[in-house]
Amino acid sequence: MKPKSKYSLQRTMVVYFLLIGFAALLVGVEFIAETQGDDMRQAFHVRVADQAATSLDGDASLQPLTHLRNKAVLVIAIIMVVILIVMTMFMKHITEPLQHMIAASRKISGGDLSQTIRIEGDNELAELGGVINEMSSNLQEIIHISRNTRASGEAFLSAMAGALDPAGPDAGDLPRLQREMDGFRSELDLLGQALDCFKFYTIPKADT
C-alpha cells in the first residue's frame, strides 16, 4: 500500500508565495505590455503631434499617462487583494492551529492531561498534535500505574502493621501477606517497565 501523501507546511508555504509571485508576474507583464505596446506609443505620439500642431488642452495630451497611472493603481489593488487572500489562508491553516496547540500544551504542562489537540488536515501540525496527544496518553497510563502501585503499597503496609502483633503473627495471615507482597512486587515491576521506556537527560562528565 502506498503511503498517504501529506500536504506539508513546506508545500503550503511554497503555494502561498507562488500565488503572490504569480499575481505580481501577471500584473508586471500586463504593465510592461501596456507601456511597450504600439497602441500606447501611437496614442502618445498622436497626442504630442496634436499638441504641437494645435492648441490642444494639456490634460488631453497627457491622457496616455493618465491611463498608465490608472493601470498602475489597478495593478497595486490586485496585488493587495492577493496578499490579503494569502494572509487569510496563512492565518487559518497555520497561525490558528499553532495557537490552539500552544494553549493545549500549556495546560498539559500544568497537569491537565484531559486536554487533547484537534487539528484538521494531514500536515506536520496535525502530526505534531497527534504526537502530543500520544505523549499525554502515555503519561496518563504511567500515572495510573503509579497510583495503583501506591495503593498496593499502602494496603501491604497496613497488612504488615496489622500482622505485627507482640504475641507473633497469626499463621493464617502469612499466606495473605505473601499474596499482597507478590501483588505489590508485580506492581513495582510494571512501573519499572514503564519507567524504563524513558530516556533521561544526562550531563556528560567533563574530561579530566
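Counting from 487, one number per residue, gives the positions in the sequence shown under our numbering.
Glycine residues also receive a C-beta, built at the ideal position from the N, C-alpha and C atoms.
| Item | Value |
| --- | --- |
| The alpha helix (DSSP H) enclosing Arg604, as first and last residue numbers | Where Arg604 is concerned, there is no enclosing alpha helix (DSSP H), given that its DSSP letter is neither H nor E. |
| Cβ-Cβ separation, Leu643 to Leu611 (assumed contact under 8 Å), whole Å | Their Cβ separation, rounded to whole angstroms, is 48 Å, which puts Leu611 and Leu643 out of contact at 8 Å. |
| Spatially closest choice to Ile629 from Phe508, Ala680, Met575, Ala509, by CA coordinates | Ala680 |
| Span separating the alpha-carbon of Lys492 from that of Thr498 | Summary for Lys492: the model assigns pLDDT 49, below 50, so the residue's position carries little reliability; its value from the coordinates is reported in the next sentence. Going from the Cα of Lys492 to the Cα of Thr498 covers about 11 Å. |
| Where Val513 falls, given that 16 or more other Cβ within 10 Å makes a residue buried | buried |
| Option nearest Met621 by Cα separation, candidates Ile603, Arg633, Asn634 | Ile603 |
| Element boundaries [alpha helix (DSSP H), containing His586] | 582-595 |
| As assigned by DSSP and simplified to three states, the class of Asp675 | helix |
| Member of Arg662, Ala641, His553, Gly597 whose CA lies at the smallest distance from the CA of Glu673 | Ala641 |
| Residue burial classification, Asn609 (beta-carbon count within 10 angstroms, cutoff 16) | buried |
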